[in-house]
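*Asks:* According to the working numbering, the residues represented by the sequence shown are 10 to 495, in order.
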Amino acid sequence: MEAFNQTERNFPALGMVDVVWDEVRTNVHLAFRTIIPPAEKRIPITLQNGIIPVLCYVPMILMAYLARRPDTYLFRVLLLPFTVSAVLVAAYHFTWTQVEFNVYNWTQCLMAAVTIAKAFEFALTKEGMLKIGETYPGSLEDKTKSVDNHRPTTNGYHKLDKPASTHLRLADYSPKWLSDAFELLHTNRGLSFKYGQHTYRPLSKRPLTPRHDFLVATLRDFVYNFLLVDFCESMMKLFPGGIATPLGGSIFYPSLSPIPRYIVSTTLHMLTGFSLVSGFEMVFDLVTLFAVGAIGDSPSAWPPVMEKPWLAESMHELWAKRWHQLLRQTFIVYGAYPGKWLFETLTSLFLAPLAQISASSNKRSKAISAKIGTLGMLLGTFVASGLFHELSMMAMNREFTWLPVVFFALQGPVLIGERMWRKFTGRKIGGRMGRLWVYFNMFIAAQPMVDSWHRRGLGGATVIPPQLSPMRGILIPALRSLVPTA
10 MEAFNQTERN FPALGMVDVV WDEVRTNVHL AFRTIIPPAE KRIPITLQNG IIPVLCYVPM
70 ILMAYLARRP DTYLFRVLLL PFTVSAVLVA AYHFTWTQVE FNVYNWTQCL MAAVTIAKAF
130 EFALTKEGML KIGETYPGSL EDKTKSVDNH RPTTNGYHKL DKPASTHLRL ADYSPKWLSD
190 AFELLHTNRG LSFKYGQHTY RPLSKRPLTP RHDFLVATLR DFVYNFLLVD FCESMMKLFP
250 GGIATPLGGS IFYPSLSPIP RYIVSTTLHM LTGFSLVSGF EMVFDLVTLF AVGAIGDSPS
310 AWPPVMEKPW LAESMHELWA KRWHQLLRQT FIVYGAYPGK WLFETLTSLF LAPLAQISAS
370 SNKRSKAISA KIGTLGMLLG TFVASGLFHE LSMMAMNREF TWLPVVFFAL QGPVLIGERM
430 WRKFTGRKIG GRMGRLWVYF NMFIAAQPMV DSWHRRGLGG ATVIPPQLSP MRGILIPALR
490 SLVPTA
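1. Excluding five sequence neighbours on each side, which residues of the same chain lie with their C-beta closer than 8 Å to the C-beta of Gly440?
2. Going by alpha carbons, who is nearest to Ile381 out of Leu358, Gln206, Leu87 and Ala368?
3. DSSP three-state label for Pro53, please.
4. Ala48: buried (16+ other C-beta within 10 angstroms of its C-beta) or exposed?
5. Mark Arg229 as exposed unless 16 or more other C-beta atoms lie within 10 angstroms of its C-beta, in which case mark it buried.
6. For Lys372, name the three-state secondary structure that DSSP assigns.
7. Judging by CA-CA distance, which residue of Gly389, Phe131 and Leu56 is the nearest neighbour of Leu419?
8. Do you know whose CA, among Val232, Phe397 and Ala404, lies nearest Phe340's CA?
9. For Arg215 and Phe223, which I take to be in contact (beta-carbon distance under 8 Å), what is that distance rounded to the nearest angstrom?
10. What is the rounded straight-line gap between the Cα of Glu399 and the Cα of Val123?
11. Use the C-beta contact count for Tyr145: other C-beta atoms within 10 angstroms, 16 or more gives buried, fewer gives exposed.
12. Which runs of the alpha helix (DSSP H) spanning at least 4 residues fall entirely within the region 18-102, listed in chain order?
13. Once the 5 residues before and after Val342 are set aside, which same chain residues still bring their CB inside 7 Å of it?
14. State the beta-bridge partners of Thr104 as determined by DSSP.
15. Let's see if you can read the secondary structure: which residues bound the beta strand (DSSP E) around Tyr204?
16. My output table needs one value for Lys140: the three-state DSSP class, helix, strand or coil.
17. Give me the residue from Val472, Leu488, Leu491 and Pro493 with the minimum Cα distance to Leu236.
18. Suppose you measure from the CA of Trp99 to the CA of Ile60; what does that come to, to the nearest Å?
19. Which partner residues of Tyr145 appear in the DSSP bridge assignment?
20. Report the three-state DSSP secondary structure of Asn111 (helix, strand or coil).
21. For the region 310-377, list the alpha helix (DSSP H) runs that are entirely contained and at least 4 residues long, ordered along the chain.
22. So the alpha helix (DSSP H) Leu236 belongs to, where does it begin and stop?
23. With three or more C-beta pairs closer than 8 Å as the rule, is the region 257-268 touching the region 452-472?
24. Please return the same chain residues whose Cβ sits closer than 7 Å to the Cβ of Ser401, not counting the five positions on each side in sequence.
25. Identify, in the order they occur along the chain, each residue of the same chain with its Cβ nearer than 7 Å to the Cβ of Asp294, setting aside the five sequence neighbours on each side.
26. Expressed to the nearest angstrom, what Euclidean distance is found between the alpha-carbon atoms of Met386 and Glu353?
27. If contacts are defined as beta-carbon pairs under 8 Å, then Met279 and Phe452 qualify, I think. What distance do you get, rounded to the angstrom?
28. Measure from the alpha carbon of Leu200 to the alpha carbon of each residue in Ser307, Leu285 and Gly282, then state which is nearest.
29. Please classify Thr471: does DSSP put it in a helix, a strand, or coil?
30. At what residues does the alpha helix (DSSP H) containing Asp294 begin and finish?
31. Could you check the C-alpha separation between Ser188 and His102 for me, to the nearest Å?
32. Taking only three categories from DSSP, how would you classify Tyr448?
33. What would DSSP say about Pro413, mapped onto helix, strand or coil?
34. Out of Ile252, Pro474 and Gly421, point me to the one whose CA is closest to Val392's CA.
35. Measuring straight from C-alpha to C-alpha, what distance separates Ser478 and Phe283?
36. Using the C-alpha atoms, what's the distance from Val37 back to Gly468?
If you want it as structure tokens, here you go:
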């Protein structure tokens, strides 16, 4: 101790560094807790203050507006910290206190994560967010070009009538700056933008003309998906134990022998999966009805959100085509771009001695780094997906678990394995064996992840309120009345 004090007297700057570091650490913690307070200090959402989280998204509207205007790069970069802070305040300052609505805290934090990814991309894309055919925001290179001229060769890409405006066209009765901002904010798949031109679009089975027929078909699909969500949610709530409560419980019942235990867990797992799929489609149908029916958007701008994922014959087909692509760009921003940079940087450092030998070796090392960077994009995308799903769970005041992160992170090696299989055997994974491979990954390997969600209250959350539930309000009580009681 005396030696340490002597050192501090001889080198007083060392003690000053410690003081400064403690001050910085304290202030960073205070700033963090100002934006994201502890769970016990968050404000309950009420009708009186519910408008405040909504207003926190106003800077994001301004960011989207600037991203559709030329020569605004500096303004967007300066606006970025304020935008991110405001979105975090909306997500973490205000909370749903009723335990059955705790899942909405998860939902609003997922929305915040998506919005922040958009904010980073809008701010740091120097040229702004360009539509297909534009050289700068608001000016098309060739107005005669259509989306078909830019689409990839993969089957299933749905033609759009007007590529320059495919989402929520408000221009007929609102300022152009507002319609531009909302168009960019609401287009998660980016169907008319350059960043989304390679996004897979399922072919629509609904009649696109006349508009009335499209709306009727969409309404029919909405009702079907609503009933399916209600059925799955109601069935899960019939299971005994904590799984039907907001406090949560495991899908693996330890009191059962192994075979019945895994039959029950697989049943709960499948109910969860179908409720997620039908829930996505239900919400998307509702938004489609509003966009096409109320806003006047083109039906062709709203192709289906999914394409029967249970028919996938490989994991590549599932993730690249049949599963929804609404979060594709989110995971690219959070995972693919950092993964590409990290893998390219590490590869370049490793190959630096080789690159200095000659110009040809330098070119070869750059090509290798680019290929390794592509691998980093793939792995980073799925790691980001896992963290995205898990970190938002912290808004529910539940413990962190690595199970979702591990499941999604393993999807990268799974896709690499499928590519290697095709390379060495000359045959694609497909057919019945391919479908069984998909089912193994999604119905067996994914069970620990789904169990971690249910143990934290997912199955006990209220998705369809009981007052709106035909299953819980009519069918289940009617069936119970037919069962004689002792």
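Positions of the beta carbon are idealized from the N, C-alpha and C atoms, including for glycine.
Quantities reported herein were computed from a predicted structural model and do not represent experimental measurements.
*Replies:* To lay it out plainly:
1. Here residue 440 corresponds to residue number 431 of the sequence shown, with the count starting at 1. Answer for Gly440: Glu322, listed in chain order.
2. Here residue 381 refers to the residue found at position 372 of the sequence shown. In this structure, Leu358 is the residue among Leu358, Gln206, Leu87 and Ala368 with its C-alpha nearest to the C-alpha of Ile381.
3. Sequence index remark: in the sequence shown, residue 53 carries index 44 (1-based). If DSSP states are grouped into helix, strand and coil, Pro53 belongs with the strands.
4. Taking the sequence shown and counting its residues from 1, one reaches residue 48 at position 39. Counting Cβ neighbours within 10 Å, Ala48 comes out exposed, since fewer than 16 surround it.
5. As a position in the sequence shown, residue 229 is number 220, starting the count at 1. Taking all protein chains in view, the Cβ of Arg229 is surrounded by fewer than 16 other Cβ atoms within 10 Å, so the residue is classified as exposed.
6. By 1-based counting over the sequence shown, the position of residue 372 is 363. Looking at Lys372 - three-state DSSP - the assignment turns out to be helix.
7. Start at 1 with the first residue of the sequence shown, and residue 419 comes out as number 410. Comparing Cα-Cα distances from Leu419 to each of Gly389, Phe131 and Leu56, the minimum goes to Gly389.
8. The count along the sequence shown starts at 1 and reaches residue 340 at position 331. In terms of Cα proximity to Phe340, the closest of Val232, Phe397 and Ala404 is Phe397.
9. As a working mapping, residue 215 is identified with position 206 in the sequence shown. As a working mapping, residue 223 is identified with position 214 in the sequence shown. Contact annotation, Arg215 with Phe223: C-beta distance approximately 5 Å; criterion of less than 8 Å satisfied.
10. Translated into the one-based positions of the sequence shown, residue 399 becomes position 390. Translated into the one-based positions of the sequence shown, residue 123 becomes position 114. Glu399 and Val123: Cα-Cα distance of roughly 14 Å.
11. Translated into the one-based positions of the sequence shown, residue 145 becomes position 136. Flag for Tyr145 reads exposed.
12. Listed in chain order, the complete alpha helix (DSSP H) runs (minimum 4 residues) inside the region 18-102 are 21-44, 60-64, 67-76 and 82-101.
13. As a working note, residue 342 is residue 333 in the sequence shown. Cβ neighbours of Val342 beyond the five flanking positions: Ala126, Phe129 and Glu130.
14. Against the sequence shown, residue 104 aligns to sequence position 95. Partner(s): Pro53.
15. The residue you call residue 204 lines up with position 195 of the sequence shown. Membership of Tyr204 in any beta strand (DSSP E) is not indicated, and neither H nor E is assigned to it by DSSP.
16. Locating residue 140 in the sequence shown gives position 131, counting from the first residue. The answer is strand: DSSP assigns Lys140 an E or B state.
17. Looking up residue 236 in the sequence shown gives position 227. The shortest C-alpha to C-alpha distance from Leu236 to any of Val472, Leu488, Leu491 and Pro493 is the one to Val472.
18. Residue numbering aside, residue 99 sits at position 90 when the sequence shown is read from its first letter. Residue numbering aside, residue 60 sits at position 51 when the sequence shown is read from its first letter. Inspection of the sequence shows that residue 99 is occupied by Ala rather than by Trp. The alpha-carbon atoms of Ala99 and Ile60 are separated by roughly 10 Å.
19. Numbered from its first residue, the sequence shown carries residue 145 at position 136. Partner residues in the beta bridge of Tyr145, as assigned by DSSP, are Ser148.
20. Looking up residue 111 in the sequence shown gives position 102. The answer is helix: DSSP assigns Asn111 an H, G or I state.
21. Taken in chain order, the unbroken stretches of alpha helix (DSSP H) that lie wholly in the region 310-377 and span 4 residues or more are 337-340, 346-359 and 361-364.
22. Counting from one through the sequence shown, the residue named residue 236 turns up at place 227. Boundaries of the alpha helix (DSSP H) harbouring Leu236: Arg220 to Met245, taken from the DSSP string.
23. Three or more beta-carbon pairs separated by less than 8 Å link the region 452-472 to the region 257-268, which places the two stretches in contact.
24. Position 392 of the sequence shown, counted from the start, is the residue given in the question as residue 401. Once the five neighbours on either side are set aside, the close Cβ partners of Ser401 are Trp115, Cys118, Leu119 and Ala122.
25. To locate residue 294, count along the sequence shown from 1; it is residue 285. Non-local C-beta neighbours of Asp294 in its own chain, meaning closer than 7 Å and more than five positions away in sequence, comprise Thr227, Asp230, Phe231 and Asn234, ordered along the chain.
26. Taking the first residue of the sequence shown as 1, we reach residue 386 at position 377. Taking the first residue of the sequence shown as 1, we reach residue 353 at position 344. Met386 and Glu353 have their C-alpha atoms spaced approximately 10 Å apart.
27. Within the sequence shown, numbered from 1, the residue matching residue 279 stands at position 270. Within the sequence shown, numbered from 1, the residue matching residue 452 stands at position 443. Yes, they are in contact, since the Cβ atoms of Met279 and Phe452 sit about 7 Å apart, within 8 Å.
28. By 1-based counting over the sequence shown, the position of residue 200 is 191. Comparing Cα-Cα distances from Leu200 to each of Ser307, Leu285 and Gly282, the minimum goes to Ser307.
29. Counting from one through the sequence shown, the residue named residue 471 turns up at place 462. DSSP, reduced to helix, strand and coil, places Thr471 outside both helices and strands of the structure shown, so it counts as coil.
30. Numbered from its first residue, the sequence shown carries residue 294 at position 285. In this chain, the alpha helix (DSSP H) harbouring Asp294 covers Pro267 to Leu298.
31. The residue given as residue 188 occupies position 179 in the sequence shown. The residue given as residue 102 occupies position 93 in the sequence shown. Their Cα atoms are separated by approximately 29 Å.
32. Along the sequence shown, read from residue 1 onward, the residue named residue 448 stands at position 439. Under the three-state reduction of DSSP output, Tyr448 falls in the helix class.
33. Indexing the sequence shown from 1 puts residue 413 at position 404. In this structure, Pro413 counts as helix in the three-state DSSP scheme.
34. Counting from 1 along the sequence shown, the entry for residue 392 is found at position 383. Closest option to Val392, Cα to Cα, is Gly421.
35. What you label residue 478 is simply residue 469 of the sequence shown in a count that begins at 1. What you label residue 283 is simply residue 274 of the sequence shown in a count that begins at 1. Using only the alpha carbons, I get a separation of about 17 Å.
36. In the sequence shown, the residue the question calls residue 468 occupies position 459. In the sequence shown, the residue the question calls residue 37 occupies position 28. Gly468 and Val37 have their alpha carbons spaced roughly 37 Å apart.
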